Every structure is written in structure tokens, then in C-alpha cells.
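K.L.:
Structure in C-alpha cells, see below.
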Amino acid sequence: WDGELAEVAPLPKFAPEELGDCIDCTICVQVCPTGIDIRNGLQYECIACGACIDACDEVMDKMGYPHGLIRYSTQNAIDGKPTRVLRPRIFVYGLLLLGLCGAWAWGVTHRSELIAEVLRDRNALYRQSADGSIANDYTLKLINKSQETRRYRITLEPADAGLRLQGQTEVQAGPEQVLPVALNVVADGQVSGRRALRFVVEREGGGEKRVVESSFFGPVQ
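Residue numbers for the sequence shown follow the working numbering, so the first one is 88 and each next one is one higher.
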């Protein structure tokens, strides 16, 4: 016996590692699209897809263990702390969702069944005829978004601007049809420069009315 040596410590007692219901199959890691180990706790890479939950529940079924080893929960619930379901955030999200649903319903019930657009001829700013009259060419695009055939009347404003509308001023558009209408606006030779005008499209019998603003160009004097 060597008295200068310290007393020999007893050998450690080995115990089996306690994993709970987890059998360390790592299937939850294999099915994770981001490659994280959810057993390490909450991680910012988690996209909450639930693939690990489904995989773990299948393994628990085979082992005869209850579900819920991996589940949607909060850190307070896991730590045994009290949790609140009705939080201010829930009411805020609910009001936002209700507002979005209301706006969508209003847009569906009040949507316009007639869309009108005007495109000027890009090839020439204006045309001057032998009699001195000046003409501008336009294409009026009408979109009938209703489910029935409708007739429309096209007029020009202001009526006292010295401009005349030529072309097909009464048209018929089928259900959900996009109808291009070629129009000419003619003025006498006294018109010069730029003038504002408006194309007015009205449904026969009343109802939809659209006003599209455009411009008429003549020679600069």
C-alpha cells in the first residue's frame, strides 16, 4: 500500500441513455427539406411544413407509442408555462383577414362590366386632306366583361370643339369580347395645335358609361 497515493475513486455506474419515446431513427431529419434536426428545438430554418411530424407519427404507430413527440406547439407549452390562445395578434390578424375578404367581395360585386381604352395612330400625328380638313386616327378598344351581348353608342366631347367623329359609332360586343373599333376625328383647316377631347361610350338603354380622354393634333401655326 502506497500511502502517498490518494484513495481510489469508485468506478462510475453506467446507465442506459434515456431517449424517451424517440428511437433515434433520424427519419425526421431525412424528410426535412431544409436538413435540420428538429430534436434540437426551435430553429429559424424550419419552414413549418410538417413533414417531420407525419414521419414521426408513422414511426410511433409502428412502435405502439402515442403521437405528439413532434408537434406544433409553443415554447411556453413545452416548458409547462401557461399559454394564451386569444392574444392581441389573433385579433389583429382576424381583422386584417376580415377586411381583405370584405374588399374582395366588394370588388366582385361592383366590378365594371365595360372597359374602354383609346390608342392613337402612331404612324402619323395627323392627316391633312385636299379640302384642307385635318383628321386623326384612333382605335377604341372595348371589353364587354358581362355574360350577354350588349350594344354601345360612341360620342365625342366637347360637342362645340369643331371636331366631328367618323366611323362606326354604334357597335355590338358579345359576351366577354374584346372589340377594336377604328375611329376618325375630323376638323376643318382652322384647327391647329393640340386640343383635348373625350370619347364617351354608353350602353344602349342606360347602365354602363365610360369616358376616355385623349388629344387631337393639328398643324402648328
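We treat Cβ as the ideally placed atom computed from N, Cα and C, and that holds for glycine. Since we're looking at a predicted model, the values are computed, not measured.
1. Can you name the start and end residues of the alpha helix (DSSP H) that THR196 belongs to?
2. If you count every other CB in all the chains shown that lies within 10 Å of the CB of ASN210, and 16 or more means buried, which is it?
3. If we call anything under 9 Å between Cβ atoms a contact, is LEU250 one with PHE286?
4. Are the segment 146 to 153 and the segment 119 to 126 touching by the rule of at least three beta carbon pairs closer than 8 Å?
5. Taking the beta strand (DSSP E) that GLN259 falls in, what are its first and last residues?
6. Quick check on the DSSP output: the beta strand (DSSP E) that includes LYS296 runs from which residue to which?
7. Helix, strand or coil: which one does DSSP assign to ASN163?
8. Between CYS109, ARG282 and LEU270, which has its C-alpha nearest GLN255's C-alpha?
9. Could you say which of GLU145, LEU252, ARG240 and ILE230 lies nearest to PRO267 if we only look at CA atoms?
10. Considering Cα atoms alone, identify which of ILE140, GLU132, VAL278 and GLY293 is closest to TYR213.
11. When you compare each of ALA192, LEU284 and ARG240 to ARG207 by their alpha carbons, which one comes out closest?
12. Does the segment 241 to 249 come into contact with the segment 173 to 193, if we say contact requires no fewer than three beta-carbon pairs (one atom in each stretch) closer than 8 Å?
13. DSSP three-state label for ASP108, please.
P.N.:
Straight from the coordinates:
1. Here residue 196 refers to the residue found at position 109 of the sequence shown. It spans 175 to 196 - the alpha helix (DSSP H) in which THR196 sits, taken as one unbroken run.
2. For the purposes of this step, residue 210 is taken as residue 123 along the sequence shown, with counting starting at 1. In summary, ASN210 is exposed, with fewer than 16 beta-carbon neighbours lying within 10 Å of its beta-carbon over all protein chains present.
3. For the purposes of this step, residue 250 is taken as the residue at position 163 of the sequence shown. For the purposes of this step, residue 286 is taken as the residue at position 199 of the sequence shown. It is not a contact, given that the beta carbons lie outside the stated cut-off.
4. The count of Cβ pairs closer than 8 Å, one atom from the segment 146 to 153 and one from the segment 119 to 126, stays below three, leaving the stretches out of contact.
5. Along the sequence shown, one-based indexing puts residue 259 at 172. That run of the beta strand (DSSP E) goes 257 to 260.
6. Indexing the sequence shown from 1 puts residue 296 at position 209. Element bounds for LYS296: 296 to 304.
7. Counted from its first residue, the sequence shown places residue 163 at position 76. The three-state reading of DSSP puts ASN163 in helix, counting H, G and I together.
8. In the sequence shown, counting from the first residue as 1, residue 255 sits at position 168. With distances taken between Cα atoms, GLN255 lies closest to LEU270.
9. Taking the sequence shown and counting its residues from 1, one reaches residue 267 at position 180. Nearest Cα to PRO267 within the set GLU145, LEU252, ARG240 and ILE230: ILE230.
10. Within the sequence shown, numbered from 1, the residue matching residue 213 stands at position 126. Measuring from the Cα of TYR213, the nearest candidate turns out to be VAL278.
11. As a first step, residue 207 is located in the sequence shown; it is residue number 120 there, counting from the start. Nearest of ALA192, LEU284 and ARG240 to ARG207, Cα basis: LEU284.
12. Contact fails: fewer than three Cβ-Cβ distances are below 8 Å.
13. The sequence position of residue 108 within the sequence shown is 21, counting from 1. When DSSP states are grouped into helix, strand and coil, ASP108 belongs to the coil group.
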